[in-house]
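Sequential numbering of the sequence shown, starting at 0, is according to numbering that gives the first Met the number 0. Scroll down for the structure; my scribbles are underneath it.
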Amino acid sequence: MAEFFNVLPPALALAELFKHLPASVHPESILTVDALDRVTAEPVRSPAALPAFPRSTMDGYAVRAQDTFGASATLPASGATVIEAGRRLRPQDLGGLMALGITSVMVARRPTFAILATGDEVVPPESHAGPGQIRDINSYSVGGLVQRAGGLPVRYGIAPDNFNTLITTSTKALSECDGLILSAGSSVSVRDMTGDVINRLGKPGVLVHGVAVKPGKPTLLAVCDGKPVFGLPGNPVSALVIAELFVKPTIERMLGLRESLTRRVRAKLTRNIASEAGREDYVPARLVERDGEMLAEPVFGKSNLIFTLIRADGIIHIPLNANGVSEGEMVEVRLF
0 MAEFFNVLPP ALALAELFKH LPASVHPESI LTVDALDRVT AEPVRSPAAL
50 PAFPRSTMDG YAVRAQDTFG ASATLPASGA TVIEAGRRLR PQDLGGLMAL
100 GITSVMVARR PTFAILATGD EVVPPESHAG PGQIRDINSY SVGGLVQRAG
150 GLPVRYGIAP DNFNTLITTS TKALSECDGL ILSAGSSVSV RDMTGDVINR
200 LGKPGVLVHG VAVKPGKPTL LAVCDGKPVF GLPGNPVSAL VIAELFVKPT
250 IERMLGLRES LTRRVRAKLT RNIASEAGRE DYVPARLVER DGEMLAEPVF
300 GKSNLIFTLI RADGIIHIPL NANGVSEGEM VEVRLF
């Protein structure tokens with residue numbers, strides 16, 4: 000079991016998780032017409048040469064003889080790979096497959112992730128939130144991230160702060176899904192039992208308890224009998240940032256995606272941002288284009304305020320031990 004708050008930088012924490020998580024893809028065949036945004040599980044090869052007959056959109060071409068060396072008469076040739084494994088299919092990819100008569104394609108099965116909110120104070124969104132109560136936000140925001148990343152969220156509702164109930168519900172959820180996300184209960188207070196619950200779900204159990212990042216330090220990363228399990232902080236901003244840093248790349252790994260689709264841009268910072276040595280900071284930011292220049296405007300707010308992220312286009316990454324960044328510096332913004 001991981002030592003409480005023996006914090007690791009995010010990259011090392013993710014590497015520790017992946018070291019214990021099998022990189023296996025489960026393929027399934029689906030109709031090409033339904034394959035938009037799905038990830039290919041194997042290379043797609045042309046069943047025939049295309050075009051199938053001498054064809055030109057022009058009456059003729061004038062070329063230099065030396066430029067024709069190595070030219071092919073057909074493209075693609077029969078048997079040639081037209082789409083590699085691990086590609087997320089785009090509209091033009093679907094068009095290309097249809098042009099070749101490929102009406103079904105092998106893709107990675109979308110992993111299912113159980114999402115369980117915990118805490119006596121958490122109530123469903125449709126309920127009235129009385130004194131000391133909060134509506135369940137994370138099941139829906141994190142569930143949306145899971146879906147956008149290519150997984151399928153399965154919500155298991157809200158579990159009270161009762162150890163036996165947490166064990167029972169978590170065991171059922173993990174047995175029915177490919178992974179489990181527990182929201183809240185990941186710090187070291189007396190009522191926070193998530194770590195103990197996870198260690199009952201399978202081996203090796205908790206691998207990381209504490210990540211050198213703000214927001215989201217009290218994070219749990221685990222593998223239980225070959226399935227990923229995450230203990231996210233309860234604060235909505237922290238939960239979504241941690242899901243972006245760890246849940247999303249885990250789903251991409253389970254899909255066999257060759258390259259992450261996370262988009263990053265460089266922008267000029269509009270004001271100073273302080274940070275402490277020994278951790279990475281992620282600060283919500285709004286992007287503004289002004290006079291042909293991309294600017295990053297920090298959106299400050301506490302980690303329990305989801306509206307901080309609603310006003311943001313992405314998060315500014317402040318590297319480990321940067322000791323802050325100054326107005327006018329170029330920063331990396333990880334887009335939502």
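Where a beta carbon is used, it is the ideal one built from N, C-alpha and C, also for glycine. These numbers come from a predicted model, not from an experiment.
- Distance from the CA atom of V38 to the CA atom of I101, rounded to whole angstroms, is 16 Å.
- Scanning the segment 126-203 for uninterrupted beta strand (DSSP E) segments of 3 residues or longer gives 151-158 and 178-182, listed from N- to C-terminal end.
- If you draw a 10 Å sphere on the C-beta of I29, you find fewer than 16 other C-beta atoms in it, and that means exposed.
- The closest CA to that of L96, considering only A148, P110 and D33, is found on D33.
- Distance from the CA of A172 to the CA of D224, rounded to the nearest whole angstrom, comes to 14 Å.
- A contact is defined here as three or more CB-CB pairs under 8 Å, and the segment 83-95 fails this definition with respect to the segment 150-158.
- Taking the Cα positions, V141 is about 7 Å away from A242.
- Rounded to the nearest whole angstrom, the C-alpha separation of P46 and L179 is 40 Å.
- Counting only runs that start and end inside the segment 216-249, the alpha helix (DSSP H) elements of at least 4 residues fall at 235-241.
- Contact between A14 and R252 does not hold, since their C-beta atoms are separated by about 12 Å, which reaches or exceeds 8 Å.
- Within the same chain, P8 and E279 come within 6 Å of L319 by CB-CB distance, once the 5 residues on both sides are set aside.
- Beta-bridge partners of L115 (DSSP): L181.
- Below 8 Å, too few C-beta pairs join the segment 304-311 and the segment 254-272 to call them touching: fewer than three.
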